[in-house]
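The next block holds one structure in the form of structure tokens; read it before the comments.
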Amino acid sequence: MSAAPIVATTAHKDSSQVRQKEMIARHFDRLAAAPDTGTRCAYTFVPGNLTELLLSFDVLPVLPEINALQSAMRGKTAEYIAAAEKLGHSEDVCTYVKSDIGMMKSGNIGPTGQRLPSPDLLLLSYTGCFTFMKWFELLREEYHCPVAMLHVPYQADGRITDSMRTYVVDQLKNVVIPKLEEVTGRQYDEDRLRAHLARSAQAEDDLVWVLQSAKNVPSPIDAYFGAVYYVGPIFSAFRGTADAVDYYRELREEIAGRIRQGKGPVTPDGEVERERFRIVVEGPPNWTSFRQFWKMFADEGAVAVASTYSKVGGVYDLGFRHDPDHPLETLAEYCLGCYTNLSLPTRIDLLTRYLSEYRADGFLINSVKSCNSFSAGQLHILREVEARSGRPGGFIESDLVDPRYFSAANIKNRLESYFQMLDQKRAGASS
Amino acid sequence: MNYTVGIDLGSTTTKAVVLGEDGAVLGRGITNSRSNYDVACSVALSEALINARFSLIAGEFQSIARDPAQAPTLIGALERKFRAEQYRSQLRVLDTELRRFLSRLLTRPPAATGIVDRIAGRMTAEVDALYAEGARRKSDFFRDLAGSRYLALAEEEARATGVSFDLLAGLFDKAILDVENSAEAAGRFDEHAAVALEALPGADPALTTAVARVSARTLEQIGSVGTGYGRQRLPFPEGRIRSEILCHGLGAHSMFPRTRTVLDIGGQDTKAIQVDEQGIVTSFQMNDRCAAGCGRYLGYIADEMSLGLHELGPIASQSSAPVRINSTCTVFAGAELRERLSLGERREDILAGLHRAIVLRAMSLLARSGGVKDEFTFTGGVARNQAAVAALRTLVEENYGARTVNISEDSIYTGALGAALFALRNAAAA
């Protein structure tokens, strides 16, 4: 028998991991102190977030989706979801929403155990997900605070037109910025915004380098499970900060070191020493059993070399960078380009491209019950990508943060079957 | 002679297929799955080896029989006598166990020992009729056959003597576990074959010769592969375990080489599989979040209606106006059934609607996996159900046009056959 793909190593945290943890701790300290310091905060979403603009007003972002997924990783969402269902939210409602509502009703204690401040503003900066709108409608009822809504047109034809860009810029000028000025009592400062945007672009370069390092064989990173940690700062409160620039520079150096040493990805259970399968993954991960889910891949020597989920906060690898010379236009472009705002043909193109550029053996779709924005059309994507790439797709079903929809035995069975199928095809091709 | 075996440990039954070195099927065995997986495998294998020996006996006898035309009839008779003896042997173990558990009871009704004696006596006396030519048995499994008879007799005894039925049923529940978990009682080929031969006194002496020759042959296992839901717990090393998807794909290809799409409706999952011209799986879909519409659905309906699983299909097939039922939730099926009965719907129409509902669910998985291509092979326990098959044929034709639909009588063994073929390949490569 061949050696196990994972080799258990003693728990070791790279310095970038330590740095990220400290950044997050400081951010939540600031949020916890906000009611005393008078710092304003805005609740907003990951896709289409306007972090640089918020930071230019010294407004701290709070991201309810990230709170929900972190609650899931801490094993809290079963009770939060139950609390929300008790309030009348049905079983079919997005579980991010229910987790957030439940968390709010249970004292609004965030991932670090500190209380989150109530929002001074609900910044609904992306409306491609209809649920986002209903979600903030619920929060508005709860907090009675102002709402700024930025409507971002869907990229139905697979491209961003000038009129789409102008439409978003006009809303930034006429709705979002005035609302931020009203909430903070400050004037819009474009130079500050430009400075943040310049730092964003710097960090984005390094993030893209890190994600594309998976083109190496073996890949030094896992671009789905591992990438969740890598995209954390840039998708949340840190894009446009010096902290993010430093974090991504350090991360890039660490990954460059792994490439030099020919090392595979690090997982919570050790290093993947033998890369048996290179997989592209579509769809968000399951968060309630995140580690167990990852281990199901790692145990088989399956490494995600590219994923679409790591693009929900920006598809930077297609070339987009925040541009300080055109501050509002670049924010508009960013919002329009989020992965979940892309049409099905564009998503099919992207997945097909990943399969070839990352020399993947196949692709897997994790279809989550909670998120129609992601899941609608995934079976069509599966068929199309299979037909165009000639590589086999697998399909598994789970959920974002509702532990009731993760059937470990069945998912493991499905994954094993899928990997064995890849093996069989490989053996068939070589015979 | 050398053989390889594939074992498919399913949620309801455990199947074994034994192949000769030329890839021909020598024997098949099936038993009900139980908590002790090792025993389930061992019983299925020993059944498959018995079946293999009968195939070998038939081959031997054919060439030396006085009247080769009569050979199949004689072999059939021999097998029935063999099965009767096997059943008697298991009854003896059951009797011993019943007495053992009875002796352990703190408060033992004085009449109980006599009751157990009488029940055991009557069951033994019924064996010949149970295995007579043309006799219909409700199941092939000792647990089911002996269980239904024991409980019926226990009910009679309880009524006549006043001894608690629950006490008698409880004794059986304990004793049957030991009978099932002793592969010994069922598996002694030589002894049972000798008794079976004695029970055919006027038979062609060449039959005795054929039995003796086959009994003398050593069957040596040169490879094994396990599959199915319980495969992780099979007493097999990791390298000899294959997913049921690959095994069903290869098994179906082996049965019907032009197969391109396979549907397997098993006890707790439904698999839609696409295979290429070599039987290699190219894509598949299974249910992950919910087991609605799986074989267990029909089992549940059968329980609700106090019917045997095998009785559902024939009843549903009598329907002239199937009721439209959309829900495939197994738990809700009972409520749906009662509601429809209370509305005065006919039993056969409701059953036909329920069969169609599970096939509709399978159609959705088939669509997800890439549709139904020609030829289409239907496998798994549900493929034995004529009403499900009829609903499937109709829906496939409606959605995909004319397709050749293959259903083997041995479809329940498809996964085990695929596993055995993998074992054969491994053995050849070693």
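Sequences listed follow chains A and B, in order. Each number in our numbering corresponds to the 1-based position in the first sequence with 255 added. Each number in our numbering corresponds to the 1-based position in the second sequence with 426 added. Think of the CB as a built atom: it goes at the ideal place given N, C-alpha and C, for glycine as much as any other residue. Everything numeric in this text was worked out from a predicted model, so none of it was measured.
Interface annotation, residue 789 of chain B: not in contact with chain A, CB-CB separation never under 8 Å.
Bridge partners of residue 377 of chain A according to DSSP: A/298, A/402.
The beta-bridge partner set that DSSP reports for residue 439 of chain B consists of B/458. Counting only the Cα atoms, residue 495 of chain A lies some 15 Å from residue 279 of chain A.
Around residue 431 of chain A, the same chain offers 403, 405 as residues with beta carbons nearer than 6 Å, after the five sequence neighbours per side are excluded.
For a cut-off of 8 Å, the C-beta gap from residue 353 of chain A to residue 344 of chain A is around 5 Å, short enough to register as a contact. Two segments are said to touch when three or more pairs of C-beta atoms, one from each, lie closer than 8 Å; by this definition the region 548-558 of chain A touches the region 661-677 of chain A.
From the beta-carbon of residue 532 of chain A, no residue of chain B is found nearer than 7 Å; the closest lies around 14 Å away.
Close to residue 634 of chain A, with beta-carbon spacing below 7 Å, are these residues of chain B in chain order: 794. Within 9 Å of the CB of residue 676 of chain A, the CB atoms of chain B belong to 669, 671, 672, 675, 706, 707, 708, 709, 710, in sequence order along the chain. Selection A/297, A/655, A/516 evaluated against residue 564 of chain A yields A/655 as nearest (Cα-Cα). A straight-line Cα-Cα distance of about 5 Å links residue 805 of chain B and residue 837 of chain B. Between residue 638 of chain A and chain B, the shortest Cβ-Cβ separation is below 8 Å. By the neighbour-count definition (other C-beta atoms within 10 Å, threshold 16), residue 475 of chain A is a buried residue. Note that the C-beta distance between residue 619 of chain A and residue 645 of chain A is not below 8 Å. In this structure, DSSP gives residue 430 of chain B an extended state, which the three-state scheme calls strand.
Assigned with DSSP and collapsed to three states, residue 590 of chain B falls in coil, not helix or strand. If you look at residue 649 of chain B, you'll find it isn't in any alpha helix (DSSP H); it sits in the beta strand (DSSP E) that goes 646-653.
Take the alpha-carbon of residue 718 of chain B and the one of residue 830 of chain B: they are about 27 Å apart.
Within the region 611-624 of chain A, 624 place their CB atoms closer than 7 Å to a CB of chain B, listed in sequence order. Flagged as an interface residue toward chain B: residue 648 of chain A, by a C-beta distance shorter than 8 Å.
Interface with chain B (8 Å Cβ-Cβ cutoff): residue 679 of chain A is included. The distance from the Cβ of residue 680 of chain B to that of residue 654 of chain B is about 17 Å, inconsistent with a contact at the 8 Å cut-off.
Interface criterion not met: the Cβ of residue 519 of chain A is under 8 Å from no Cβ in chain B. Here residue 599 of chain A has 632, 635, 636 as same chain residues with Cβ atoms under 7 Å from its own Cβ, once five neighbours each way along the sequence are excluded.
Between residue 538 of chain A and chain B, the shortest Cβ-Cβ separation is not below 8 Å. Residue 611 of chain A and residue 792 of chain B have their C-alpha atoms spaced approximately 28 Å apart. Judged by DSSP secondary structure, residue 562 of chain A falls within the beta strand (DSSP E) whose first and last residues are 557-562. Between the C-alpha atoms of residue 629 of chain A and residue 527 of chain B there is a straight-line separation of about 59 Å. Apart from sequence neighbours up to five positions away, the residues of its chain that approach residue 737 of chain B with a beta-carbon distance below 8 Å are 728, ordered along the chain. If you draw a straight line from the Cα of residue 760 of chain B to the Cα of residue 811 of chain B, it comes to about 19 Å.
The contact set of residue 641 of chain A on chain B, defined by CB atoms closer than 7 Å, consists of 709 in chain order. Here residue 268 of chain A is exposed. Its C-beta has fewer than 16 other C-beta atoms within 10 Å. Here residue 420 of chain A is near residue 588 of chain A, since their CB atoms are less than 8 Å apart. Counting C-beta atoms within 10 angstroms of its own C-beta, residue 576 of chain B has 16 or more neighbours from the protein chains shown and is therefore classed as buried.
In the three-state reduction of the DSSP assignment, residue 697 of chain B falls in the strand class, which pools E and B.
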